[in-house]
Amino acid sequence: MRSMHDDKRGNANARGYGRKWRKAREQFLQQHPLCVFCQRRGRVTAATVVDHIVPHRGDLKLFWRRSNWQSLCKPCHDTEKKRIENGGSLPGCDLDGVPTDPSHHWA
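So, in structure tokens, the structure goes:
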């Protein structure tokens, strides 16, 4: 069942996630195969999602800016990235005890 939010967003193709995106995504994941959040914690996890670091909110220039892309595993994208976008911080620290969230006041 689709929600009203989904109706407002449009389908994946209408939001820019068509064939061109799928090709660019696949290429980016080949070049950046590991989840950057997991790497910060000393873990090696295959990335499956190309995430927009700054949400593009329909801005096509920002959507296609590769410097705004990062490779994430699905669990990190669906939990930690959502927490960040909702105003929270990235939990955890690296092997040296430094917070993994670059905006953390200790980092």
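1 is the number of the first residue of the sequence shown in the UniProt record's numbering; add one for each residue after it. Idealized CB from N, CA, C, for every residue including glycine. Since the model is a prediction, treat every value here as computed from it, not as a measurement.
Sorting 40, 36, 26 and 17 by C-alpha distance to the C-alpha of residue 95 places 40 at the top. Between residue 76 and residue 35, the C-beta gap is smaller than 8 Å, which places the two residues in contact. By alpha-carbon distance to residue 45, the top candidate from 37, 51 and 57 is 37.
In this structure, the alpha-carbon of residue 69 lies about 17 Å from that of residue 79. Leaving aside the five residues that flank residue 25 on each side, the residues in its chain whose CB is nearer than 8 Å to its CB run, in chain order, 50. The alpha-carbon of residue 58 is positioned some 31 Å away from that of residue 99.
Comparing C-alpha distances from residue 73 to each of 20, 67, 101 and 43 shows the shortest one belongs to 43.
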